[in-house]
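To keep things clear, I will list the structure first and then write my remarks on it.
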Amino acid sequence: MQAQPARRQLLAALFAAPPAADAALPPPDSALLLLNRSSFGATAAELARARSLGVSAYLAEQLAPQQLDDSLLDARLAQSLPTLALSNAQLIADYAHSDDAPRRRQPLIELQAATLSRQLFSRRQLFEVLVEFWSNHFNVTHSDGPARYYKTVDDREVIRAHALGRFADLLRASAQSPAMLAYLDNASNVVDGPNENYARELLELHTLGVDGGYSESDVAEVARCFTGWSIDRRAGQHVFRFVAARHDFGAKQVLGRQLPAGQGIEDGLAVLDLLATHPSTARHIARKLLCRFVEDFPAESLVQRIAAVFTASGGDIRATVQALLESAEFRASADAKFKRPAEFALSSLRSAGARVQGEHWLRIVADALAQQGQTPLNWPAPNGYPDVQAYWLNTAALLQRWNFVLALFQRGSGSGLYVDIAALYGSARTPAQLVDALALRLLQRPLAAAARELLLAYAAQGAAPERVFTPASLDTTARELAALLLASPYHHYR
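Per mature numbering (1 follows the signal peptide of the UniProt record, and there is no 0): the sequence shown = residues -23 to -1, 1 to 471.
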């Protein structure tokens, strides 16, 4: 591997300044910016479609995912991942008590496989981005106790059912989800022994935010409101059940609102309604959505504006997302977000037009994400995976990403995951043609002059930029250049 030192030097030079700091870097057009943020990576076909339709029409299409035909993907997943359609009762009965360890893990593995498959192949890319966002927001660790079985239904009937609906409906569905009830211990929250875990995370993470204006007294009162919200395990049902005998029927006060004595399940429902419409919730949700789609630390004026849309629309997620994606701040935010590991890996596959055979590709990607700390649905704490550059950008992470893309372009067609490198460079036969063709296909925008010169020098290896490659050197150089492009800051930022 004599080229390795040269690759390292080139990567160091490319990383000397991120794209946003390079005044000579042409910004992405509006279609590419939209796809970079509203999908798991822009494919050549989707980018061409967005440019043809126009960004407004393309966004409208993505905001109506039910009109996008994903039936082939759905059928393939249903055939290969049978646990996706099962009830909690079936999952517990057929898998939780098995003597076979791989079988006990099957629901977890299949849901992770479905998650990655949809993120890579679905036409409903914005919907999948929001599914991931809300799964992270209402985080339930998939490897934790009964939640590893309940999470399949939570994903299907809570997150996916409401990802583009009303926040109030999503909040209530989450509160009554056996996955959440088990994960945050509300199933054991009873009048004689209140458990505040769910109440605290409901206020701090799901609705008001850490600075949302609640007190420790509010946490305790909210916990009282949710006593008796449990899981019905009678006859192996494993569904939500309100158990009146476990409920605190006394009077309560939450955020200054009086709840009279004698209420049952209505206590919890009243709290959910209060929180769903609270101004602090609007700001908290707006800030998190802006962090996902615009920048790590959005301006307070923008937070307030998007929060106002959230409030005025009655917590309509679709309207809120549309407003932020159509904002001037969004249009001016090119390269402001650093890709997390899953976004980097999946966008690498999508931009390169990677081809998959069988199911082995899932193991390749899942192993890479495990090494980089972002296995789907597996963050151990209730707060979900971090969504800021400071957490993910470090030397070790960049090395792991480099290894991922280098291996991607070295794999053959029998590996289960490979790239047709010739399809990427087309008719290019010289170093100059090769650099330009690969940069345009993989990055989908021109390179800055300084970066192009670095890559051209690497490709030419001291020869003239117009020299025609031999077939063997063309293939080798193309694979190395493709990996270098995806390992550069141009691909790390979105």
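Even for Gly, the Cβ is constructed at its ideal location relative to N, Cα and C.
Residue i, DSSP secondary structure in three states
i: residue 206; result: strand
i: residue 388; result: coil
i: residue 456; result: helix
i: residue 394; result: strand
i: residue 362; result: coil
i: residue 245; result: helix
i: residue 115; result: coil
i: residue 307; result: helix
i: residue 315; result: strand
i: residue 271; result: coil
i: residue 332; result: strand
i: residue 168; result: coil
i: residue 254; result: coil
i: residue 162; result: coil
i: residue 178; result: helix
i: residue 38; result: helix
i: residue 154; result: coil
i: residue 191; result: coil
i: residue 464; result: helix
Counterpart residues of residue i in DSSP-defined beta bridges
i: residue 217; result: 208
i: residue 143; result: 293
Boundaries (first-last residue) of the alpha helix (DSSP H) holding residue i
i: residue 231; result: From DSSP, residue 231 is part of no alpha helix (DSSP H) but of the beta strand (DSSP E) over 229 to 231.
i: residue 347; result: 337 to 349
i: residue 356; result: Careful: residue 356 lies outside any alpha helix (DSSP H) and carries neither H nor E.
i: residue 408; result: 408 to 419
i: residue 470; result: Premise fails: residue 470 is in no alpha helix (DSSP H) and is neither H nor E.
i: residue 28; result: 21 to 30
i: residue 430; result: 426 to 437
i: residue 447; result: That residue, residue 447, is in no alpha helix (DSSP H); it is neither H nor E in DSSP.
i: residue 120; result: Premise fails: residue 120 is in no alpha helix (DSSP H) and is neither H nor E.
i: residue 370; result: Taken as a continuous stretch (DSSP letters only), residue 370 belongs to no alpha helix (DSSP H), as it is neither H nor E.
i: residue 101; result: Looking at the DSSP string, residue 101 is not in any alpha helix (DSSP H), and its letter there is neither H nor E.
i: residue 276; result: Element bounds for residue 276: n/a, residue is neither H nor E.
i: residue 14; result: 7 to 15
Exposure label - residue i; buried when at least 16 CB within 10 Å
i: residue 44; result: exposed
i: residue -15; result: exposed
i: residue 372; result: exposed
i: residue 215; result: buried
i: residue -22; result: Caution is warranted here: a pLDDT of 39 is assigned to residue -22, below 50, making its placement in the model unreliable, and no coordinate value can be reported.
i: residue 162; result: exposed
i: residue 292; result: buried
i: residue 199; result: buried
i: residue 76; result: exposed
i: residue 445; result: exposed
i: residue 59; result: exposed
i: residue 1; result: Unreliable placement is indicated for residue 1, whose pLDDT of 45 sits below 50; the coordinate value is still reported in the next sentence. That one is exposed.
i: residue 234; result: exposed
i: residue 31; result: exposed
i: residue 188; result: exposed
Endpoints, the beta strand (DSSP E) within which residue i is located
i: residue 234; result: 234 to 236
CB contact check: residue i to chain E, cutoff 8 Å
i: residue 109; result: The displayed structure is made up of one protein chain only, and chain E is not part of it.
Item to complete: Could I get the ranges of all uninterrupted alpha helix (DSSP H) runs contained in the stretch 55 to 89, with 4 residues as the minimum, in chain order?
Response: Taken in chain order, the complete alpha helix (DSSP H) segments of 4 or more residues contained in the stretch 55 to 89 are 65 to 68.
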